[in-house]
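Notes for the one structure printed next.
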Amino acid sequence: MQKTFSRVATALLFLWMAAAVVFGAAADPDRLTRQANELMGQGDLAGAVEVLKQIPPPAGGGEGEAFVRSRLQIARLHFSLGEMDKALAAAREVLALYPDNSEAKNFVASVEQEGQPRYVTFLKDCIRFLPALAKGAVMTLLLVLCTIVISPIGGLLIALGRLSTFRPISAACWFVIWFFRGTPLLLQLFFIYYGLPSLGITLSPLTAAVIGLGVNYSAYLGEIIRGGIQSIEHGQMEAAKALGMTYGQAMRRVIIPQTYKRLMPPIGNEFIALIKDTALVSTIAMVELMRAADQLFNTYFNVTALVLAAIVYLVFTTVFTFIFEKIEYRAGIYEHR
Amino acid sequence: MNTDRQPLIQLEGIIKRYKNLTAVNGVNLAVYPGEKLVIIGPSGSGKSTLLRSMNFLEEIDAGVIRFEGREAGYVHRHGRLHLDRQQVVCPLRAEIGMVFQHFHLFPHMTVLGNVMEGPLTVQKKPVPEARAIAYDMLAKVGLSDKRDVFPATLSGGQKQRVAIARALAMRPKLMLFDEPTSALDPELVGEVFDTIHALADEGMTMIIVTHHMGFARELADRVIFMDGGVFVAEGTPQEIFDERMQNERIRTFLSRII
Ligand SMILES: Nc1ncnc2c1ncn2[C@@H]1O[C@H](COP(=O)(O)OP(=O)(O)OP(=O)(O)O)[C@@H](O)[C@H]1O
Ligand SMILES: [Mg+2]
Numbered sequence: 001m002q003k004t005f006s007r008v009a010t011a012l013l014f015l016w017m018a019a020a021v022v023f024g025a026a027a028d029p030d031r032l033t034r035q036a037n038e039l040m041g042q043g044d045l046a047g048a049v050e051v052l053k054q055i056p057p058p059a060g061g062g063e064g065e066a067f068v069r070s071r072l073q074i075a076r077l078h079f080s081l082g083e084m085d086k087a088l089a090a091a092r093e094v095l096a097l098y099p100d101n102s103e104a105k106n107f108v109a110s111v112e113q114e115g116q117p118r119y120v121t122f123l124k125d126c127i128r129f130l131p132a133l134a135k136g137a138v139m140t141l142l143l144v145l146c147t148i149v150i151s152p153i154g155g156l157l158i159a160l161g162r163l164s165t166f167r168p169i170s171a172a173c174w175f176v177i178w179f180f181r182g183t184p185l186l187l188q189l190f191f192i193y194y195g196l197p198s199l200g201i202t203l204s205p206l207t208a209a210v211i212g213l214g215v216n217y218s219a220y221l222g223e224i225i226r227g228g229i230q231s232i233e234h235g236q237m238e239a240a241k242a243l244g245m246t247y248g249q250a251m252r253r254v255i256i257p258q259t260y261k262r263l264m265p266p267i268g269n270e271f272i273a274l275i276k277d278t279a280l281v282s283t284i285a286m287v288e289l290m291r292a293a294d295q296l297f298n299t300y301f302n303v304t305a306l307v308l309a310a311i312v313y314l315v316f317t318t319v320f321t322f323i324f325e326k327i328e329y330r331a332g333i334y335e336h337r
Numbered sequence: 338m339n340t341d342r343q344p345l346i347q348l349e350g351i352i353k354r355y356k357n358l359t360a361v362n363g364v365n366l367a368v369y370p371g372e373k374l375v376i377i378g379p380s381g382s383g384k385s386t387l388l389r390s391m392n393f394l395e396e397i398d399a400g401v402i403r404f405e406g407r408e409a410g411y412v413h414r415h416g417r418l419h420l421d422r423q424q425v426v427c428p429l430r431a432e433i434g435m436v437f438q439h440f441h442l443f444p445h446m447t448v449l450g451n452v453m454e455g456p457l458t459v460q461k462k463p464v465p466e467a468r469a470i471a472y473d474m475l476a477k478v479g480l481s482d483k484r485d486v487f488p489a490t491l492s493g494g495q496k497q498r499v500a501i502a503r504a505l506a507m508r509p510k511l512m513l514f515d516e517p518t519s520a521l522d523p524e525l526v527g528e529v530f531d532t533i534h535a536l537a538d539e540g541m542t543m544i545i546v547t548h549h550m551g552f553a554r555e556l557a558d559r560v561i562f563m564d565g566g567v568f569v570a571e572g573t574p575q576e577i578f579d580e581r582m583q584n585e586r587i588r589t590f591l592s593r594i595i
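The listed protein sequences derive, respectively, from chains A and B. For the first sequence, position 76 matches number 76 in our numbering, and the numbering has no gaps at all. For the second sequence, position 185 matches number 522 in our numbering, and the numbering has no gaps at all.
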């Protein structure tokens, strides 16, 4: 009984597969695409081109997504084989049917640039990529500034909490530091963006990114600020108290202002790291500088986008380093006179 | 002694322990307005601890501190003494000035800023008034020309005079000096002594811990010799220094120090 059933099942399965091969062979774009991908995987680019060519144009000008994708893929394959004319021909096949297809237009434009001097192509690329990259850079800057505003406040609260003699508060702050310094930022971002919705909290990518970066950097700064506060000589607190200051007054007027200079270098380091860490939020659907560069790269197969992104990051980090050195000098001005 | 008047500060049975060490072991003391009291004694005898407990910088384990006749600064909880809330303790401290061996000036504020800080932050005086007070106090300690510099540029003697001005700006009723000249180079001791002396002549009530016996003799109405957390001897400078109270411990201490 059992045996018969499994035999029948196997036969049916076999029949179904055979039918799929026979009837689908005619022009199943999915199958052809898979076959082409397989050939590409084996390094047979020319073979892949031949297979992709079997995908026909849409009959009667209908939905031609498979066709467009195949011709663009053919164009890229020719391009990487160095056959510029064939590459252009394939892209123009698309344009003939869909004159507005931006991917094909971009492809043609970038291939036609090949003949020009390198710096011209580079400059043209720069101008072409600038709007998208600028948008991304503004977003990156926004994330950095938000975190720079949030994390020192959060860090100070965490530091004061850690120094509190009230056990529940110091334990809670210890836990926050332990958790957020002990797990990857990437994981924290994933948790906030993808995990919290399951608890009924759905956040926009920007909110999730700001919260993730803010809390993570608050935890780091918390430890740094605590160290700074504890590094101030005990006599300062005594002198402040002897004047009649409350703990809060002593902290605000005497202790914390003295930590500024000492904290500026380590906090500056954190913020430099932050500029680069913002790239991680591209994983939670945020289009910032890294994501923008990545999208351009994937669309145009053009390294210029990445080079430009690197330059923007370097500009950011350099400017921040410079600003922090200035602030550090200012904060310690009483030691220079 | 003016027993008819009320003591400014009065200590009864003060005990302060650190783990297994008793730093102050049952001290009774009454200091009257205008009195200049000098406390001497070997290192580790509990002088600083006693002085700091008068300013509530140390939490005592037993005893009573009365300030102007009223029990001050502590509450009883679970059969133990606890420092009272900040709202109670801080105003008390504001009435008692303290000068430390190592000055503890606020390095991020100018000299003027240091002296204005108490009136400004603690007494919430408006800036012009605080500044006027600070100008007065800096004139008093002879440092008007140093108003706008940072403490880092001052000599030790100047730093200590600023610290005195900072404490005086609060118009304290009592001044506590904990070895105010011990961190100074010998040639700078004189200027600080002169400042304290001038203050004494104005009638300020003060308690001074010092190792400079000449100064103690010159300034003190009363000298207390402290050892092992208790008062071993108490008297006028003559009684302590000249007659040496016939006390073996004082004799050895003085012979080592002078
Ligand atoms: N925070 C502390 N923790 C533990 N022990 C302490 C502390 N402060 C002081 N002591 C101890 O209490 C004792 C009295 O110290 P205190 O500083 O009052 O002495 P002192 O008379 O001021 O000495 P010196 O002349 O060296 O300043 C010393 O044995 C000291 O080691
Ligand atoms: Mg001492």
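Beta carbons: idealized from backbone N, C-alpha and C, even for Gly.
Three-state secondary structure (DSSP) of residue i
i: V425(B); result: helix
i: L289(A); result: helix
i: V368(B); result: strand
i: L97(A); result: helix
i: H413(B); result: strand
i: H549(B); result: coil
i: V111(A); result: helix
i: A518(B); result: One detail in the question is off: residue 518(B) reads as Thr in this sequence, not Ala. Of the three classes helix, strand and coil, the one that applies to T518(B) here is coil, per DSSP.
i: G214(A); result: helix
i: G493(B); result: helix
i: T589(B); result: helix
i: L511(B); result: strand
i: H560(B); result: At residue 560(B) the sequence reads Val, which differs from the His that was named. Residue state, collapsed to three classes: strand.
i: A506(B); result: coil
i: V361(B); result: strand
i: K124(A); result: helix
i: A25(A); result: Summary for A25(A): the model assigns pLDDT 48, below 50, so the residue's position carries little reliability, and this model does not support an answer.
i: T542(B); result: strand
i: Q348(B); result: Here residue 348(B) turns out to be Leu, not Gln, going by the sequence shown. DSSP places L348(B) in strand when its eight states are reduced to three.
i: L320(B); result: Outside the shown range of chain B, which is 338 to 595, sits residue 320(B), and nothing can be said about it.
i: I376(B); result: strand
Proximity test, residue i beta-carbon vs ligand 1 heavy atom, cut-off 8 Å
i: V452(B); result: no
i: H548(B); result: yes
i: E516(B); result: yes
i: L521(B); result: no
Residue i beta carbon near ligand 2 (any heavy atom closer than 8 Å)
i: S492(B); result: no
i: Q438(B); result: yes
Whether residue i touches residue j by CB criterion (9 Å)
i: V526(B); j: G378(B); result: no
i: L243(A); j: R503(B); result: yes
i: A75(A); j: F107(A); result: yes
i: P444(B); j: P488(B); result: yes
i: S390(B); j: V361(B); result: yes
i: V68(A); j: N101(A); result: yes
i: V567(B); j: L374(B); result: no
i: K135(A); j: A292(A); result: yes
i: I177(A); j: I192(A); result: no
i: I201(A); j: A159(A); result: no
i: M453(B); j: A431(B); result: no
- Task: Would you check if there are 3 or more beta carbon pairs closer than 8 Å linking the region 249-257 of chain A to the region 168-185 of chain A?
- Result: no
- Pick out every residue whose C-beta is nearer than 6 Å to a heavy atom of ligand 4: which are they, in chain order? Of the ligands this structure carries, namely ligand 1 and ligand 2, none is ligand 4.
- Inter-stretch contact at 8 Å, needing at least 3 Cβ pairs: the region 463-481 of chain B / the region 444-454 of chain B: yes
- Task: Counting only runs of 3+ residues fully inside the region 424-464 of chain B, write out the beta strand (DSSP E) ranges in chain order.
- Result: 433-436
- Would you check if there are 3 or more beta carbon pairs closer than 8 Å linking the region 216-233 of chain A to the region 295-309 of chain A? no
- Message: With three or more C-beta pairs closer than 8 Å as the rule, is the region 409-419 of chain B touching the region 488-500 of chain B?
- Response: no
- Query: Can we say the region 161-168 of chain A touches the region 213-221 of chain A, given the rule of at least three CB pairs closer than 8 Å?
  - Reply: no
- Query: Quick check: the region 347-361 of chain B against the region 392-402 of chain B, are there 3 or more CB pairs under 8 Å?
  - Reply: yes
- Can you give, in chain order, each stretch of the beta strand (DSSP E) that sits fully within the region 231-314 of chain A and has at least 3 residues? none
- Within the region 129-190 of chain A, ranges of the alpha helix (DSSP H) (whole runs, at least 4 residues): 167-182 and 185-190
- Query: Should the region 256-271 of chain A be regarded as contacting the region 514-530 of chain B, the criterion being three or more beta carbon pairs within less than 8 Å?
  - Reply: no
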